[in-house]
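Chains as they are written, first to last, in the numbering used here: chain A, 1 to 146; chain B, 147 to 246. Just so it is clear, CB atoms sit at the ideal spot from N, CA and C, and this is done for glycine as well. Source: prediction; values computed, not measured. Contents: one structure, followed by commentary.
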Amino acid sequence: MKNEMTLAFDSRSENEGFARVAVAAFVSQLNPTMEEVADIRTAVSEAVTNAIIHGYPDGIHTVVVRAALGDGLLELWVTDEGVGIEDVKQAMEPLYTSRPELERSGMGFMFMEAFMDQVEVQSELGTGTTVHMVKRIGQGFERQED
Amino acid sequence: MDMLEQRGRRLMVHLPSEVDHHHTEAIRLKVDALVEREPIDEVEFDFSQTEFMDSAGIGMLLGRYKIMRALNGKVIVSHMNGQIRRILSMSGIRKFIEFS
């Protein structure tokens, strides 16, 4: 069985907590462990915060979080239609930040990669960025095929 | 409880339930203003009310570490839950900040 949801919200920092809670609630149907939930919340928080700060440095626009559950697997897409990343490889390097004045630690992608099984970034200057993440959840409850 | 509690030359910072990018800006403004006007040697970040932190919290702690180092002071963290301990350990911040 595949189950999907999509959230679209303003790129306001207040919504970082909303996105974490919403994804965690959606994933709860796979009976994740507390540690898995903590991992997912952290990864969502990092990706959504990046979209808000870096994707849309000027003004309020829409961030989209899509999640799909199926076969004991969570797939997540966090998308902005913002400025895009010129050099994705550099952006993903630990401790690299394009905004040191904001006291960004440069550890966002490091945490996403540590807490999810797979992280891929697609980005194009002037078009936007999608972070795609995959994580296997629990002992594979809800594995029946339809 | 107020977020800031001064005990002599030690500043206790009782952090909110979520230490993310949305909350760190207010925390750093308050802490920095107090450290600037009071003779503080130690800043202790108390996580007893905190259930979530991400890399924004690491950036906030490192920023306060730099300020306290310049004042020959130190930064301490206390009462972290498992999620926060894990984030702190992975960040390597332990080299700079004392775990109480």
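Less than 8 Å between CB atoms is the rule here; does residue i satisfy it with respect to chain A?
i                : result
Ser235 (chain B) : no
Met147 (chain B) : no
Phe198 (chain B) : yes
Ile213 (chain B) : no
Gln229 (chain B) : yes
Ala202 (chain B) : yes
Gly154 (chain B) : no
How about residue i: is its C-beta nearer than 8 Å to some C-beta of chain B?
i                : result
Thr42 (chain A)  : yes
Met107 (chain A) : yes
Arg104 (chain A) : yes
Gly59 (chain A)  : no
Ile85 (chain A)  : no
Gln144 (chain A) : For Gln144 (chain A), the pLDDT reaches just 44, beneath the cut-off of 50, and the residue's location in the model is therefore unreliable, although a value from the coordinates is still provided. Judged by the 8 Å Cβ criterion, Gln144 (chain A) is not in contact with chain B.
Phe111 (chain A) : yes
Gly140 (chain A) : Note that Gly140 (chain A) scores a pLDDT of 47, beneath 50, so its modelled location is shaky; the value from the coordinates is reported in the next line. False, the Cβ-Cβ gap to chain B never drops below 8 Å.
Cβ atoms of residue j and residue i: under 8 Å apart, would you say?
i                : j                : result
Asp192 (chain B) : Met158 (chain B) : yes
Asp187 (chain B) : Asp166 (chain B) : no
Ser105 (chain A) : Leu208 (chain B) : yes
Val27 (chain A)  : Leu74 (chain A)  : yes
Val44 (chain A)  : Leu7 (chain A)   : no
Gly55 (chain A)  : Thr127 (chain A) : no
Leu150 (chain B) : Leu175 (chain B) : no
Ser13 (chain A)  : Ile60 (chain A)  : no
Leu76 (chain A)  : Val21 (chain A)  : no
Given that residue i touches chain B, what residues does it touch there, using C-beta distances under 8 Å?
i               : result
Ile53 (chain A) : His167
Which residues of chain B have a Cβ atom closer than 7 Å to the Cβ of residue i, listed in chain order?
i               : result
Ala25 (chain A) : Within 7 Å Cβ-Cβ: nothing; Ala25 (chain A) doesn't reach chain B, min ~14 Å.
Which chain A residues sit within Cβ distance under 9 Å of residue i?
i                : result
Leu208 (chain B) : Glu103 and Ser105
Determine the chain A residues that contact residue i at a beta-carbon separation under 7 Å, and present them in chain order.
i                : result
Ser205 (chain B) : Position check: residue 205 (chain B) holds Gly in this sequence, whereas Ser was assumed. Those within 7 Å of Gly205 (chain B) in chain A are Glu103, Arg104 and Ser105.
Going along the chain, which residues of the segment 156-184 of chain B sit with their C-beta nearer than 9 Å to a C-beta in chain A? Glu164, Asp166, His167, His168, His169, Thr170, Glu171 and Arg174
Scan the segment 2-21 of chain A for residues whose Cβ lies nearer than 9 Å to a Cβ of chain B and list them as they occur along the chain. Arg12, Ser13, Glu14, Asn15, Glu16, Gly17 and Arg20
Every unbroken alpha helix (DSSP H) inside the segment 41-104 of chain A [4 residues or more]: 88-91
My parser needs the beta strand (DSSP E) runs of 3 or more residues fully inside the segment 179-244 of chain B; what are they? If we require 3 residues or more, the beta strand (DSSP E) runs fully inside the segment 179-244 of chain B come out as 188-192 and 220-224.
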